[in-house]
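Read the structure below first, then the notes.
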Amino acid sequence: MQLVQKPVTQIFLFIFRTLSEYFGTMLCEGVSSNMKTLITSTIVLGVLAATVALAAEKKVKMEDLPPAVQQAIKDNTKDATLLGVSKDVEDGKTEYEAETKVNGHGKDITFDESGKLLAVEEETTLDSIPAAAKAAIEKQAAGAKIRKVEKITEGEKIVYEAGLTKGGKKSEVIVAADGSPAKE
3 MQLVQKPVTQ IFLFIFRTLS EYFGTMLCEG VSSNMKTLIT STIVLGVLAA
53 TVALAAEKKV KMEDLPPAVQ QAIKDNTKDA TLLGVSKDVE DGKTEYEAET
103 KVNGHGKDIT FDESGKLLAV EEETTLDSIP AAAKAAIEKQ AAGAKIRKVE
153 KITEGEKIVY EAGLTKGGKK SEVIVAADGS PAKE
């Protein structure tokens, strides 16, 4: 789940411009433009940090979930160890994610408020994914260490995501089963 998206950037720029205009005309007469920029930037960064913090996933207790979500989690985690549940509100939509372990591998299952299954992210091995997807990941990794591979299922759509590390920098590669580039 991405916390900072284009709309957040647009909001950030709108707030920055509005505050810059306000400070420039009302509060900061006689204050240097560098100081105005510093004051405005500090306020905007504070607002942005608060926005991102509010958008972050929040750990919740099973008993605090809607009954339909509780039942969906129970039904979909019978052969797994439930590690925790989180709630995330993104674009006005509430989603619940059950973090589990199955046979030693991580598996995250996402539901909507009605308990409908939205997505499954399951750790897997590079050797267990389709050959074309494996080849595409290895090609894009080009000397990077492959930290983790996940199979992500959303409805009928399946993609494979590999977490890479190269030169201390982390990145991700997402491909379809046929090896073509994909989006999560």
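The numbering of the sequence shown is my numbering, which starts it at 3 and goes up by one. Positions of the beta carbon are idealized from the N, C-alpha and C atoms, including for glycine.
- Task: Pair every Cβ in the segment 174 to 186 with every Cβ in the segment 149 to 163, then say whether three or more of these pairs are closer than 8 Å.
- Result: By the Cβ test, the segment 174 to 186 is in contact with the segment 149 to 163, since at least three Cβ pairs between them sit closer than 8 Å.
- Assuming G117 contacts Q73 under a Cβ cut-off of 8 Å, what Cβ separation, rounded to an integer in Å, is found between them? About 6 Å; that satisfies the 8 Å criterion.
- Determine which residues share a DSSP beta bridge with V151 and list them. DSSP output for V151 lists T126, A164 as bridge partner(s).
- Option nearest V104 by Cα separation, candidates S88, N78, E115: Answer by Cα proximity: N78.
- Considering only C-alpha positions, which residue in the set I131, E158, A137 is nearest to V122? The residue with the shortest Cα to Cα distance from V122 is E158.
- Message: Could you tell me the alpha carbon to alpha carbon distance between D180 and A164, rounded to whole angstroms?
- Response: So the alpha carbons of these two residues sit roughly 15 Å apart.
- Message: Going by beta-carbon coordinates alone, are L120 and E140 separated by less than 8 Å?
- Response: No; because the gap between Cβ atoms is not below 8 Å, this pair is not in contact.
- Please state if the CB of A70 and the CB of V87 are separated by a distance shorter than 8 Å. Not a contact, by the Cβ cut-off of 8 Å.
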